[in-house]
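Novice: Protein chains in written order, with our numbering: chain A, 1 to 525; chain B, 526 to 710.
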Amino acid sequence: MANEKVDVVIVGAGASGSTYAAVLAKAGKKVVILEQGPDWQLSDLISSDIWGRRIKPAGPPFLLEGKNPVSYGYQGGWGVGGAALHYFANFPRLLPNDFRIKSEHNRAHDWPIAYADVAPFYDKVATDVGVSGDARSEEIWRPKGDPYPMPPMKTFRNGDIWLKGFEAVGIRMVPAAVGMNSTDYKGRPACIYDGWCHIGCPIGALANPLVTYLADAKKAGAQVRPWSNVTRVLTNAEGTKVTGVEYYDRKKERQVQEASVVVLAAWAAQNPRLLLNSTTDKHAKGLANRNGLVGKFMMTHFSSGTLAIFDEDVQNYMGTTGAQFMSYDRYGKTAHKGAFGSSFIVAGTAIKTSDLGGMANARLDLFGPELAQFMKRGARGFTRIGAFGEEMPNIENRIEVASEKDEFGMPLGRIIHSYDDDVPKLWEANFAEGLAIAKAAGAKEMWSGRGNIPTIHLMGGTIMGTGAENSVVNSYGQTHEIPNLYMAGPGIFSTSGASNPTYTIFALSLRGAEQLATKWSTVAG
Amino acid sequence: MHGIERRAFMQGAGALAFMVGGAEVLLTPGEARAQGVPLRSLKPDEAETIEALGETLVPDARKAGIANFIDHQVSIPAEEALLEARILNVRPPYANFYRAALGAVDRASQALNNGRGFAQLNEAEQRSFVDAMRQNKVEGWQGPAGGFVYLLLRSDAVDVVYGTMEGYAALGIPYMPHIAPTQRW
């Protein structure tokens, strides 16, 4: 079935798709957003780790391979709001050194843009969605920008107790920048610090798409169609332009949505899967893939968690799932001797009992009565800090399509991912420093959160660059090969940095959407 | 009303919908166990093994209804499931994983203990078996990696014992819900 042609069809109603939708709808464009999953409302976000799993990935699975298979079930999204419906809303930026790794270290590659190109959009996003923090204090590490619209969030003993330890090892901690309301903001209430951010904030104090860009987009006339499973991007006969997308609706009936511009904002793994499945006689390897770079350079973060029990009630249930304090003092690419890559440090987080990040999983080796005893001790004194690490892009880390197909006949995606030798070195360096911090902070028990090296925040796959010889898209997310086809989200990152990615996703999406609106007649004409 | 919307409504009541006497009744898994609600997907011996494993992993998991919880969750569409399997990237249908895991546990237990399945072992033997499974050190193990089976079933047991409002209360931790379940789970 064919639907009335629109100006823009956006695939995915998460952070990046919502941002594009808001900008373009407000610019007067007719916008349709196709979302694979349900149409969640704030009232669906019940405070429970168990019920919170309903908003985690479902639908056709990705096949996970490599020495360090990507784990996407906890961090991914499903349904309107995407992963940003349940993200922690930590809002660190990338720093200037992230954009110039090749120039400064002869490693990986440079971005085609500099920090200065993105900085104005960080500031705009802060105003649009509401960010709490102390920009001035961050400016010991980055160029000056606008102040955040709200003061820092409250801190609690589970965060404050670490400060002595950080000071002892020479790490400066500043108030964390978070996409949450420390005060009422734009009609949304201030946070009440109940620590349920990670399963979705139903009061709208956390800047999820439902209360920010997606709300703006709907108000401006954008239409959201949940339960719409996109399978292909369609092109004209010459293969020079995209003409819309094919999708299957809730009744599993085939639909076509024609559009002048297509924006894929379906997640770093799903965007390449769609491109690779959209082969034609003019695009034998898939759309935007003549250079064979679609699906390449997948990247993740990894974290080194230091966990501790203090001999006092740290009220670990209080606060937010995001951080209270943060530091870029180990963000230099060679900050740790013998290791390479940035580290971003956070402290102070509310902790619940169960789920992947819950207290019970802090000692996975314990079971039976020993676990019960640990839970009693931890209920009073358990808290933790963490350091995110940066993985360098590697062309062998990639998305492919498998021979096995989903219920719509679309090949499943296969994510192949292995860490290189730099990663365990950086992981270990951050563990060692974490234990030194815990000791100096006066912890009674302290340990490293080991196990397999985690894979967090999937990025890459449709990276940006200076041209088709090195990348899939330009700095706005526009594909080099087809001018009216855009990519949005973490897939366009050239390198990963070590900062939580969503603030940068919002900023790059805003930048891309504004460029598209400005150049509309050239792009869509 | 579409199924998932219906459950989205029902979750506000905080319990799961079990079939009792041909009618849907909202119960916690512990209540379902206490009332003898029939299992929908698991066989009795599988439920027995789950309960024995759950109790070994987290004390009180049997009474909290771990078998009824898993049975319910593997009986509904994967997109509605509340199992930690969902965030640990287990490929649906989840019943397949549990069957494979439970089969591996009982086969290995029988091979190592003169034909006795896991539920028939004494408490010390069960602890020893689980400790070996945790470390992927069960001799002759055939099935999903023992360490992963440990992680997943331990998570399920943690869910029913510590992830509920009762679990928080037992630890003295304020639950502080934004949207409170109207029942205790």
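Where a beta carbon is used, it is the ideal one built from N, C-alpha and C, also for glycine.
Looking only at its own chain, which residues have a Cβ that is under 7 Å from the Cβ of A:Ile395, when we skip the five neighbours before and after it?
Specialist: So the list reads Lys296, Phe297, once near-sequence residues are dropped.
Novice: Measuring straight from C-alpha to C-alpha, what distance separates A:Ala468 and B:Glu609?
Specialist: Going from the Cα of A:Ala468 to the Cα of B:Glu609 covers about 41 Å.
Novice: Kindly examine the ligand MN and report whether one of its heavy atoms sits closer than 6 Å to the Cβ of A:Trp196.
Specialist: Among the components of this structure there are no ligands whatsoever, and the ligand MN is therefore not found.
Novice: How would you write the range of the beta strand (DSSP E) that A:Asn3 sits in, first residue to last?
Specialist: Its beta strand (DSSP E) spans residues 2-11.
Novice: What residues match up with A:Val262 in a beta bridge as DSSP calls it?
Specialist: A:Val262 pairs with A:Val9, A:Leu485.
Novice: Nearest CA to the CA of A:Lys26: which residue from A:Gly525, A:Ala524, A:Ser521, A:Ala517?
Specialist: The residue with the shortest Cα to Cα distance from A:Lys26 is A:Ala517.
Novice: Could you give the distance in angstroms between the alpha-carbon of A:Asp249 and the alpha-carbon of A:Arg225?
Specialist: Computed Cα separation, rounded: 9 Å.
Novice: What residue from A:His336, A:Phe374, A:Asp406, A:Phe506 has the CA that sits closest to A:Ala429's CA?
Specialist: For A:Ala429, the nearest C-alpha among the options comes from A:His336.
Novice: Measure from the C-beta of A:Ile46 to each C-beta in chain B and report whether the shortest distance is under 7 Å.
Specialist: Yes, contact with chain B.
Novice: Run through DSSP, which three-state label would B:Gly537 get?
Specialist: The pLDDT assigned to B:Gly537 is 39, lower than 50, so where the model puts this residue is not dependable; a value taken from the coordinates is nonetheless given after this. B:Gly537 falls in the helix class under three-state DSSP.
Novice: Do we get a CB-CB distance below 7 Å when we pair B:Val599 with the residues of chain A?
Specialist: So, not an interface residue.
Novice: For A:Thr349, which of A:Val314, A:Leu435, A:Leu412 has the nearest alpha-carbon?
Specialist: When only C-alpha atoms are compared, the closest one is A:Val314.
Novice: Under 8 Å Cβ-Cβ, which residues of chain A neighbour B:Pro699?
Specialist: Simply Tyr317.
Novice: If the criterion is Cβ atoms closer than 7 Å, does the pair A:Thr300 and A:Ile456 meet it?
Specialist: Contact: yes.
Novice: Sort out for me which residues DSSP pairs A:Gln478 with in a bridge.
Specialist: Answer is A:Tyr486, bridged to A:Gln478.
Novice: Assign A:Ala347 to one of three DSSP states: helix, strand, or coil.
Specialist: Looking at A:Ala347 - three-state DSSP - the assignment turns out to be strand.
Novice: Mind listing which residues of the segment 362-380 of chain A have their C-beta closer than 9 Å to chain B's C-betas, in chain order?
Specialist: Against chain B - using a Cβ distance shorter than 9 Å - the residues of the segment 362-380 of chain A are Leu364, Asp365, Phe367, Gly368, Pro369, Leu371, Ala372, Met375, Lys376, Gly378, Ala379, Arg380.
Novice: Output the distance between the C-alpha atoms of B:Val583 and A:Phe367, rounded to the nearest integer angstrom.
Specialist: Going by the C-alpha atoms only, they are around 6 Å apart.
Novice: So which of B:Ala705, B:Gly697, B:His703 has the shortest CA-CA distance to A:Arg377?
Specialist: Among B:Ala705, B:Gly697, B:His703, the Cα nearest to that of A:Arg377 is on B:Gly697.
Novice: Buried or exposed: which applies to A:Lys29, given that a residue is buried once 16 or more other Cβ atoms fall within 10 Å of its Cβ?
Specialist: Its Cβ being crowded by 16 or more others within 10 Å, A:Lys29 is buried.
Novice: Interface residues of chain B around A:Arg53 at Cβ under 8 Å?
Specialist: Within chain B, the residues near A:Arg53 are Ala606, Leu607, Leu608, Glu609, Arg611, Ile612.
Novice: Is any beta-carbon of chain B found at less than 7 Å from that of A:Lys251?
Specialist: By this cut-off, A:Lys251 is not an interface position.
Novice: Ordered along the chain, which non-local residues of its own chain (more than five positions away) have a Cβ less than 8 Å from that of B:Ala626?
Specialist: Taken in chain order, the residues that qualify are Gly668, Pro669, Val674, Leu677, Leu678.
Novice: Let me confirm a value: A:Thr569 is counted as buried when at least 16 other C-beta atoms fall within 10 Å, else exposed. Which label applies?
Specialist: In the structure as shown, chain A begins at 1 and stops at 525. Residue 569 of chain A is therefore absent and cannot be evaluated.
Novice: Note down the Cα distance separating B:Gly671 from A:Gln223, rounded to an integer number of angstroms.
Specialist: For B:Gly671 and A:Gln223, the distance between alpha carbons rounds to 47 Å.
Novice: Restricting to runs no shorter than 3 residues, where is the beta strand (DSSP E) found entirely within the segment 172-256 of chain A?
Specialist: You should have 223-225, 229-235, 242-248.
Novice: So is B:Tyr687 in contact with chain A if we call contact Cβ pairs under 7 Å?
Specialist: Yes, contact with chain A.
Novice: For A:Arg53 and B:Arg616, which I take to be in contact (beta-carbon distance under 8 Å), what is that distance rounded to the nearest angstrom?
Specialist: In fact, because the Cβ distance is near 16 Å, the residues do not count as touching under 8 Å.
Novice: Give me the Cβ distance between B:Gly567 and B:Ala592, rounded to the nearest whole Å; I'm assuming they're in contact under 8 Å.
Specialist: According to the sequence as given, residue 567 of chain B is Leu; it is not Gly. Right, the Cβ-Cβ distance comes to about 7 Å (below 8 Å), so this counts as a contact.
Novice: Give every residue of the same chain whose Cβ lies closer than 6 Å to the Cβ of A:Gly305, excluding the five residues on either side of it in the sequence, and list them in chain order.
Specialist: Closer than 6 Å at the Cβ level, and outside the excluded window around A:Gly305, lie Arg384, Gly386, Gly449.
Novice: Under 7 Å, Cβ to Cβ, is there at least one residue of chain A near B:Arg531?
Specialist: Only weak support exists for where B:Arg531 lies, its pLDDT of 32 falling under 50; the value from the coordinates is given anyway. It does not; no Cβ of chain A falls within 7 Å.
Novice: Which residues in the same chain have their Cβ closer than 8 Å to the Cβ of B:Glu576, if we skip the five residues on either side of it in sequence?
Specialist: Closer than 8 Å at the Cβ level, and outside the excluded window around B:Glu576, lie Ala586, Arg587, Ile591, Ala592, Ala644.
Novice: For A:Ala360, is the classification buried or exposed, using 16 other Cβ atoms within 10 angstroms of its Cβ as the cut-off for buried?
Specialist: So A:Ala360 counts as buried.
Novice: For A:Tyr247, I'd like the list of residues in its chain whose CB is within less than 7 Å of its CB, leaving aside the five on either flank, ordered along the chain.
Specialist: The residues are Leu34, Ser228, Asn229, Val230, Thr231, Gln255, Gln257.
Novice: For A:Gly165, report the span of its alpha helix (DSSP H) as first-last.
Specialist: Run containing A:Gly165: 163-168, per the alpha helix (DSSP H) assignment.
Novice: Identify, in the order they occur along the chain, each residue of the same chain with its Cβ nearer than 7 Å to the Cβ of A:Ala507, setting aside the five sequence neighbours on each side.
Specialist: So the list reads Val118, Phe121, Tyr122, Val125, once near-sequence residues are dropped.
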